[in-house]
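Residue numbers (the UniProt record's numbering): 1 to 163.
We treat Cβ as the ideally placed atom computed from N, Cα and C, and that holds for glycine.
All figures in this text were calculated on a predicted structure; none of them were measured in a lab.
Here the structure comes first, spelled out in structure tokens, and everything after it is commentary.
Spelled out as structure tokens, the structure:
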């Protein structure tokens, strides 16, 4: 059996994020956002500058999920629910498994876990792969907020409940 066959037969396990996951989440987050830093020409972005203690504090005030393959943390998503709105943030997927559906699975799992009517997330205007993923998951552009450097934060929304 070759390596690709082994990978496809491995099960992706989605679990609630815990304080004990903080170190692994930070490692995956930093690895995942290096490509974003290259797109924007700057490493001065919160996912790359966040410290372990800041992430631990965030995990205590937010909900989230992890994705593991054979015990290895390969993805994470964090979110909060406020006034019927599911605010999704920091979707991070290990670079070697990006494009394999893990981000979509985490996003759908977060939506199912929520009682919110609407989900919202944002990404940068140059992050075309992210925007494509979010649109393919049913998100529609809601607002663009200029960053003052020719780029913008793109906010996307999705109705989670009929009505």
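Output the distance between the C-alpha atoms of residue i and residue j, rounded to the nearest integer angstrom.
i           : j           : result
residue 22  : residue 80  : 17 Å
residue 16  : residue 113 : 10 Å
residue 148 : residue 142 : 19 Å
residue 87  : residue 77  : 11 Å
residue 3   : residue 10  : In this predicted model, residue 3 has a pLDDT of only 47, less than 50, meaning its place in the structure is not dependable; the value taken from the coordinates is given anyway. When rounded, the distance between both Cα atoms is 11 Å.
residue 96  : residue 115 : 32 Å
residue 108 : residue 157 : 14 Å
residue 6   : residue 64  : Interpretation of residue 6 is limited by its pLDDT of 45, a score under 50 that renders its predicted location unreliable; no figure is taken from the coordinates.
residue 50  : residue 103 : 21 Å
residue 138 : residue 94  : 23 Å
residue 110 : residue 89  : 11 Å
residue 1   : residue 135 : Here the model assigns residue 1 a pLDDT of 42, short of 50, so the residue's position is not dependable, and the following value carries that caveat. So the alpha carbons of these two residues sit roughly 36 Å apart.
residue 132 : residue 52  : 30 Å
residue 127 : residue 38  : 11 Å
residue 42  : residue 48  : 10 Å
residue 83  : residue 27  : 32 Å
residue 45  : residue 62  : 20 Å
residue 98  : residue 146 : 28 Å
Have a look at the options and flag the residue whose alpha-carbon is nearest the alpha-carbon of residue i.
i           : options           : result
residue 20  : 66, 38, 143, 128  : 66
residue 168 : 120, 72, 134, 94  : The chain is shown only over 1 to 163; residue 168 falls outside these bounds and no answer can be derived.
residue 125 : 58, 82, 144, 140  : 144
residue 85  : 133, 52, 120, 131 : 120
residue 123 : 136, 117, 151     : 151
residue 18  : 100, 153, 58, 42  : 58
residue 100 : 68, 45, 27        : 68
residue 159 : 98, 140, 45       : 140
Under the rule that 16 or more other beta-carbon atoms within 10 Å means buried, what is residue i, buried or exposed?
i           : result
residue 36  : buried
residue 29  : buried
residue 106 : buried
residue 130 : buried
For the putative contact between residue i and residue j, defined by C-beta atoms under 8 Å, what is the C-beta separation to the nearest angstrom?
i           : j           : result
residue 74  : residue 55  : That belief does not hold up - the Cβ atoms of residue 74 and residue 55 are roughly 17 Å apart, past 8 Å.
residue 155 : residue 92  : In fact, because the Cβ distance is near 19 Å, the residues do not count as touching under 8 Å.
residue 117 : residue 161 : 5 Å
Could you tell me which uninterrupted alpha helix (DSSP H) segments, each at least 4 residues in length, are contained entirely in the UniProt domain "N-acetyltransferase" (12-161), listed from first to last along the chain? 22-40, 46-49, 52-61, 102-113, 128-136
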